[in-house]
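Notes to accompany the following structure.
Number of protein chains: 2
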Amino acid sequence: MPSTSESPPAEFTARVENRDARGRIVLVCEHASNAFPDVFGTLGLSNELQSAHIAWDPGALGLARGLARRLDALLVHAPVSRLVFDCNRPPNASGAITPQSEMYPVPGNAGLAPEGRLSRVEAVYLPFQNGLHSEIARRLTRGPAPVIVTVHSFTPSWFGTPRDVELGIIHDEDPRYATAVLAEARARTRLKTELNAPYSAADGVTHTLRLQAQPYGLANVMLEIRNDLIADAEAEEAMAEMLAPVLEAALAAVDIPQSTEIRG
Amino acid sequence: MPSTSESPPAEFTARVENRDARGRIVLVCEHASNAFPDVFGTLGLSNELQSAHIAWDPGALGLARGLARRLDALLVHAPVSRLVFDCNRPPNASGAITPQSEMYPVPGNAGLAPEGRLSRVEAVYLPFQNGLHSEIARRLTRGPAPVIVTVHSFTPSWFGTPRDVELGIIHDEDPRYATAVLAEARARTRLKTELNAPYSAADGVTHTLRLQAQPYGLANVMLEIRNDLIADAEAEEAMAEMLAPVLEAALAAVDIPQSTEIRG
């Protein structure tokens, strides 16, 4: 088992792609992977459930990579299933190591002892969020201030009810960039696009934005794409081709502070 | 020079004392040290200025240690002078590597090249803030939710003008704990105590609170003690003896959420 050491197993550190990217956007994919590392086991899930939407956001990483190429953007993603630890949740959230996802129990997460919980925080959450923080701080140092975009996908049906929304644009306290992205998406695409749907900050889905963007006053948005629209590599590319100009155009529309003058 | 590697020189990592402390308060001292490591040099400062208040917060670490003992509190402090890098400032703030402090120029910080700036972020800022984040996340995982208290000192005279305030209680967006600490300090001590003086969040002094406490909804406060009141070890102990009951009593007065229920 991972110890409480500062050095987690190398395979669980945040994955960083395009580290030398010159674009302003930093893409983040907390639910990129459905990997269940041996050290944590398969949590009692069938092979089928290990590949289902409860384990990850299918299509999100492929879409994010397509966006990263088109926007010359840094991409940071997590290498472990969100059922092991959901990096978009604080360590004290019940949903961070959820005992049930949609209608599916996750046996390996039920009644997890405090030390088991801590092991997952050490091995998965801290390397991801501290690694992402380091990348953002480096870009903030060099300037210009990065813009944070988290990329997620959602299932077309939730507890048996179909969802009509195709693209969700979600914000937390700072709606600047989300508002601009919403306007550009509606102007440039035919996607059924909604603000703060199918989730909103009240559902606890904006942890990364709160932790990484808001303390630095960085413009930010969370994207949710219905996963039937990015179900294979070709569809991911087509969606990236559609959304890259949306994110780029919205960037031009917001006034983002470059630095903070401090005294004292 | 430090590289952009993930592993900074061990001597610059965040200093952690009382890691197994059972108290709820986490004490933070960003300006604990007036060390000028060889790798960065003395920035062109005289020996006298390297020991002056511009280089650190004299008395703050001694006071924080006195509080840590009395409150059974974790203590995290930075091992490098704030003139090398001010860990209580974001990397893009001019004050993070200030070319002038009060009326004193800091020659080694004037015209620093971007790579020099980045080296200090890598070597000082990131190890400190990521290290502090790890400690806070561990405590959040185990519960109860920690309460963050940053400990600072200020000079009795600023640009030649004397300051009357003895104890400053400073908050950012969440005033819960600060309000309670203010009331307890006024009730239990004769210190001339002011809210948001001699600095306030508008002066950019609450970066650590924004970065470490607010994203998790943790109660927090910044303390500023006039440094002539903690000028030697005996005075530091006396101040700790006075302030520990204030912090403890205020803790009982605020309702601090223990966890966050998440869905989605």
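Just so you know, the sequences run in chain order H and Y.
Position one of the first sequence corresponds to residue 1 (the numbering used here), numbered consecutively onward.
Position one of the second sequence corresponds to residue 265 (the numbering used here), numbered consecutively onward.
Every residue, glycine too, gets a C-beta built ideally from N, C-alpha and C.
Residue contact check for V121(H) against chain Y: a CB pair falls below 7 Å. Below the 9 Å Cβ cutoff, chain Y contributes no neighbours of G160(H), its closest Cβ being approximately 16 Å away. Minimum Cα-Cα distance from K456(Y) among the listed residues G432(Y), D492(Y), E437(Y) and Q476(Y) corresponds to G432(Y).
Residue burial annotation: R283(Y) is exposed, with fewer than 16 other C-beta atoms found within 10 angstroms of its C-beta. Taking a contact to require three or more Cβ pairs closer than 8 Å, the stretch 94–102 of chain H and the stretch 385–400 of chain Y do not qualify as touching.
At a cut-off of 7 Å between beta-carbon atoms, S134(H) makes contact with chain Y. Interface annotation, R452(Y): not in contact with chain H, CB-CB separation never under 7 Å. Taking a C-beta distance under 7 Å as the contact criterion, T405(Y) and L83(H) do not qualify as a contact pair.
Only residues of its own chain outside the window of five on either side were considered, and among them G287, I289, A508, L511 and E512 have a CB closer than 7 Å to the CB of L335(Y), listed in chain order. Residue-level contact by beta carbon holds for T141(H) and chain Y, with a gap shorter than 7 Å. Per DSSP, L291(Y) is one residue of the beta strand (DSSP E) stretching across I289 to C293.
By the criterion of at least three beta-carbon pairs nearer than 8 Å, the stretch 141–157 of chain H is in contact with the stretch 206–221 of chain H. Cβ neighbours of E11(H) within its own chain (closer than 8 Å, five residues either side excluded): P37 and P79. When R15(H), D174(H), M242(H) and G131(H) are compared, the shortest CA-CA separation from T189(H) is found for M242(H). Residue contact with chain Y for R70(H): absent (no Cβ-Cβ distance below 7 Å to any residue of chain Y).
The stretch 322–356 of chain Y is shown to contain whole beta strand (DSSP E) runs of 3 or more residues at 338–341, in chain order.
Cβ-Cβ distances below 7 Å link L396(Y) to A278, V292, V340 and Q476 in the same chain, with the five nearest sequence neighbours on each side left out; the list follows chain order.
Between P107(H) and G59(H) the beta-carbon gap is near 27 Å, outside 8 Å, which marks them as no contact. In this chain, the beta strand (DSSP E) harbouring H416(Y) covers V411 to F418.
Within chain H, the residues placing a beta-carbon under 9 Å from that of Q478(Y) are R210, Q214 and P215, ordered along the chain. The straight-line gap separating the alpha-carbon atoms of A55(H) and D86(H) is approximately 10 Å.
Selection A187(H), M103(H) and N130(H) evaluated against W158(H) yields M103(H) as nearest (Cα-Cα).
Contact with chain Y is absent for L49(H), since none of that chain's Cβ atoms lies less than 7 Å from the residue's Cβ. At a beta-carbon threshold of 7 Å, the residues of chain Y lying near A137(H) are P355, V385, Y389 and L390, ordered along the chain. Check the Cα spacing between V385(Y) and each of R402(Y), S398(Y) and N352(Y): the tightest is with N352(Y). With contact defined as three or more Cβ pairs closer than 8 Å, the stretch 164–182 of chain H and the stretch 218–234 of chain H are in contact.
In the displayed model, R15(H) falls within a strand according to three-state DSSP.
Contact of N282(Y) with chain H by beta-carbon distance below 7 Å is absent, the smallest such distance being about 15 Å. Beta-carbon to beta-carbon, A64(H) and A21(H) are separated by about 12 Å, too far to satisfy the 8 Å threshold. Here S81(H) really is in contact with S33(H); their C-beta atoms are around 6 Å apart, less than 8 Å.
P198(H) has its alpha-carbon roughly 18 Å from the corresponding atom of Y177(H). Remark: C-beta atoms of A201(H) and A250(H) do not approach each other more closely than 7 Å. In terms of beta-carbon proximity, P410(Y) stays away from the interface with chain H, with every pair separated by 7 Å or more. For the pair A240(H) and V280(Y), the Cα-to-Cα distance works out to about 45 Å. Comparing alpha carbon positions, the residue from A238(H), A252(H) and V254(H) closest to R69(H) is A238(H). Assigned with DSSP and collapsed to three states, G116(H) falls in helix.
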